[in-house]
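Beneath this line is the structure, given in structure tokens, with notes to follow.
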Amino acid sequence: MMNSSLWRKISLLFLAILASTTLLSFNTVQPVYAQGLCNPDADVMIRAFCAVREAIEAKYKVDLTYVREWVWVQTDFGPGIDWGCIDNITPVEVRPIFQGWTFTITALNGRQYQARVAFNDLTAIAVCDKVTDVGLPTAPNTGGGQIAPGGAAVGSFELGGHANGLEAAAVTNAKAAGMTWIKKQLRYSVGDSTAGAQNIISDVKGKGFKVLIGIVGLPSQMGDFNAYVTQYAQFVGQVAALGPDAIEVWNEPNIDREWPTGTISGARYTQLLAAAFDAIKAVNRNIIVISGAPAPTGAEAAFPGAVVNDDNFMVQMRDAGAGTKMDCLGLHYNEGIVSPTQSSGDPRDNYPTRYYSSMFNRGASLFPGMPVCWTELGYLSGEGMGAAIPPLFAWAQNVTVAQQAQWLAEAATIAARSGRVRLMIVWNLNFTIWGSDPMGGYAIMRPNGTCPACTTLGTVMRK
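Position 220 of the sequence shown, counting from 1, maps to 219 under numbering that gives the first Met the number 0, and the rest follow consecutively.
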């Protein structure tokens, strides 16, 4: 009797021969060789896929060595990983695993299978009894890494860019990239009029974009905090009356560049957020209020009083009730040097802020159901800048402009298909500063006049 291992090898050979002929009867479907992906050194997402695939094979006695495609989506499992997945299970039997990935695998014969796996334990798997709609998935993995036309043109997701100015070239490039939003940041000083905000709003709307205005105060003016909160809220309420489409309340309030040293706290920030939210909504309930995105960091232990880690800061926000005082959770991601499809492989380390997926979960998991707004998402490349990348940013010295373009398009696709991201603001469109803070290296409009990311983003955003 032929053993199962030999039979599997023969099956692989037969399918390989079949896939290479012109007689394959799956029209344009290209089989994906799923088995070859699986090895101990693979990216965690690949290992997660392999784990759920093996569990599905065991439950349903099927061979998924070749599949049409497989897609995944980050999922909040509600009461637990088994709930809504395994039929006839009682609440007491549901395992208390609340976040992870849901994989949907389509076999060559068109049959679909679905399974769930925990983020932090790839042995914690639930093979579902039926396939359900778990929201729009991330881009299908068909073995290529291609940019899928229209891949991010789904749902209510929108794209924008943080602009330094809106000259004709910037407007043309932003529209070519599929951007419908422009972000501008306004530095508020006590006693200011709203003239600066009016100029921003008029300029951006006059060029045909929705406007997100980030309003950031001066830490030096926050000594009498309660009085300052009142003044700040009054100002943002006045700006709201001018008709912006969204307001981000502050910027990176977890670091002492933007908040007074020794007073950094998610709870303290929430006091400011709540007052601003109420002032804005009293004027116009349609304005999207975005919480000030914290700086991604793990430096709290090294710089006590000057930094609070972003995850700790957002826990403090949650516990202070911030979830009722925003329409969208602001997040930043700006230190990536690998594709957003990866969740391991960064040569520095595997700290969560290195990767798109773990950075997303760092905030999104704390506010289940809350839309996410990436108010700053970018990749630094020193290519073509004419001088060496600043030493503090040497971690990005090998990132190319082509990678920047590819990764931004991938990030937009993943964001759109997550079902959670409302808005992604590219950091940045057209800044030119190249110094200790190398903003120009993040710009998608490059010094030579080209904008490769405008092409890739335009491809995935095209309806």
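Note that CB positions come from ideal geometry on N, CA and C, so glycine has one too.
* Put Pro90 into one of helix, strand or coil per three-state DSSP. => helix
* Asked: Any idea what DSSP makes of Gly440, helix, strand or coil?
  -> helix
* Residues in its own chain within less than 8 Å of Ile263 by CB, not counting five upstream and five downstream? -> Pro252, Asn253, Ile254, Asp255, Gly304, Ala305, Val306, Val307, Phe312
* Stretch pair the region 376-384 + the region 400-420: three plus CB contacts closer than 8 Å -> yes
* To do: Have a look at Met316 and Val425 and give me their C-alpha separation to the nearest angstrom.
  => 25 Å
* Could you pull out every residue in the same chain whose Cβ sits closer than 6 Å to the Cβ of Ala415, ignoring the five residues on either side in sequence? => Ala151, Val153, Phe156
* **Bounding residues of the beta strand (DSSP E) (the contiguous stretch that carries Asp75)** => 65-75
* To do: Assign Lys462 to buried or exposed, taking buried as 16 or more other Cβ atoms, counted over all protein chains shown, within 10 Å of its Cβ.
  => exposed
* Return helix, strand or coil for Glu382, following the three-state DSSP convention. => coil
* Gly383 versus Asn447: straight-line alpha-carbon distance, rounded -> 7 Å
* Exposed unless 16 or more other CB atoms sit within 10 angstroms - verdict on Phe366 -> buried
* Who are Thr103's beta bridge partners in DSSP? -> Val70, Gln113
* For Pro78, count neighbouring C-beta atoms within 10 Å of its own C-beta (all shown protein chains included) and say buried if the count is 16 or more, exposed if not. => exposed
* Measuring CB to CB, does Gly457 end up less than 8 Å from Gly177? -> yes
* What's the gap between the Cα of Thr454 and the Cα of Val337? -> 20 Å
* Rounded to whole angstroms, what's the CA-CA distance from Gln270 to Val228? Just pull it up for me. => 8 Å
* Asked: Taking Arg445 as the reference, which of Asn172, Lys280, Ala294 has the closest Cα?
  -> Asn172
* Please classify Ala138: is it buried, with 16 or more other beta-carbons within 10 angstroms of its beta-carbon, or exposed? => Confidence at Ala138 is low in this model, with a pLDDT of 40, below 50, so its placement is unreliable and the value that follows should be read with caution. So Ala138 ends up on the buried side.
* Among Arg421, Gln230, Gln197, Asn225, which residue has its Cα nearest to the Cα of Val288? -> Arg421
* **Under 8 Å between C-beta atoms of Ile124 and Ala54** => yes
* Output the boundary residues of the alpha helix (DSSP H) element that contains Lys204. => 194-205
* To do: Count the other C-beta atoms from every protein chain shown that fall within 10 angstroms of the C-beta of Gly520, then say buried if there are 16 or more, exposed otherwise.
  => Since the first and last residues shown for the chain are 0 and 462, residue 520 lies out of range.
* Supposed close pair Ala266, Tyr231 - CB separation, criterion 8 Å -> Not really, about 17 Å apart at Cβ, beyond 8 Å.
* Asked: Under three-state DSSP, which class holds Leu23?
  -> Residue placement at Leu23 cannot be trusted, given a pLDDT of 29 that sits under 50; what the coordinates show is reported in the next sentence. Correct three-state label for Leu23: coil.
* Asked: When the Cα of Asn250 is compared with those of Asn283, Ala300, Arg186, which residue comes out closest?
  -> Arg186
* Does DSSP put Glu257 in a helix, a strand or coil? -> coil
* Continuous alpha helix (DSSP H) stretch holding Gly265: start and end -> 265-282
* Can you tell me whether Thr27 is buried or exposed, with buried defined as 16 or more other CB within 10 angstroms of its CB? -> Confidence is the limiting factor: at Thr27 the pLDDT is only 36, short of 50, which leaves the residue's position unreliable and the question unanswerable from this model.
* To do: Quickly, what does DSSP pair Gln98 with across the bridge? List them, please.
  => Asp75
* Status (buried if at least 16 other CB within 10 Å, exposed otherwise) for Glu92 -> exposed
* Sort Asp191, Ser219, Pro259 by Cα distance to Phe234 and report the nearest one. => Asp191
* Taking the alpha-carbon positions, what's the Leu241 to Gly368 distance? -> 30 Å
* Beta-ladder partner(s) of Pro303, from DSSP -> Val306
* Quick one: give me the first and last residue of the beta strand (DSSP E) that Ile181 is part of. => 180-186
* For Met438, I'd like the list of residues in its chain whose CB is within less than 7 Å of its CB, leaving aside the five on either flank, ordered along the chain. => Asn427, Phe430, Ile432
* Cβ-based neighbour list, Tyr354, same chain, cut-off 6 Å, excluding 5 preceding and 5 following -> Ser342
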